[in-house]
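Residue numbers (the UniProt record's numbering): 1 to 213. Even glycine gets a Cβ: it sits at the ideal position worked out from N, Cα and C.
Following this line, the structure appears as structure tokens:
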């Protein structure tokens, strides 16, 4: 998709009041500032996992994505946005405008070369789902404890070595996926997750279990 085609699509979406825009797999290298006109958007897909493939006994995402390395500050104007998918774009970090999206409920960033979950994540207090799988994240930050509405946390295939105490404060968590990391112990705080229905920890190096069901 050319920039002219994208600008025309944004104009159409603005005129017709679209609430969802899927730009995955369009070959984009830049998202124009005009995206900020779409204040009615509730869902914005800039990349997504089409399916998971089994390769050498590992789940590998098949992505419909773009080549976005930055996002414009105007993204912060999307005050009604609830779902944002950044998957597959070489962003390296979650762009700062994302942390101004106060109504965001679902944030997905699979395979974006992410090395850390920034402390600014604590600003997104309405988040119910985070999926940051297939990255290089080495730790779960204390800031995650501010996300009291979180029900699903997916950190499959990263480099996380421990489950911090703060995870035990996420009492609304229903699904926690930490498979294919470097975790050696399941801590006692997991027992505090009274809503937890799924705990997936396969392919770690677990040697100790410190909690009781």
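Residue environment for residue 54: exposed (fewer than 16 other C-beta atoms within 10 angstroms of its C-beta). Residue 105 and residue 121 have their alpha carbons spaced roughly 12 Å apart.
The residue from 20, 139, 162 and 126 with its alpha-carbon nearest to that of residue 152 is 126. For residue 130, the CB contacts under 6 Å within the same chain, skipping 5 residues up- and downstream, are 107 and 153 in chain order. Sorting 190, 85, 177 and 196 by C-alpha distance to the C-alpha of residue 203 places 177 at the top. Under DSSP, residue 59 takes part in a beta bridge, and its partners are 54.
Residue nearest to residue 37 within the set 48, 14 and 6 is 14 (criterion: CA-CA distance).
Residue 83: not part of any alpha helix (DSSP H); member of the beta strand (DSSP E) spanning 83-86, first to last residue.
Nearest Cα to residue 92 within the set 84, 83, 117 and 75: 117.
Looking only at 150, 160, 159 and 181, the smallest Cα-Cα distance to residue 172 is reached by 150.
Within 10 angstroms of the beta-carbon of residue 11 lie fewer than 16 other beta-carbons, which makes it exposed. Beta-bridge pairing by DSSP links residue 176 to 153 and 199. Residue environment analysis places residue 78 among the buried positions, since at least 16 neighbouring C-beta atoms fall within 10 angstroms of its C-beta.
As a beta-bridge residue in DSSP terms, residue 186 pairs with 209. If you look at residue 113, you'll find it isn't in any beta strand (DSSP E); DSSP assigns it neither H nor E.
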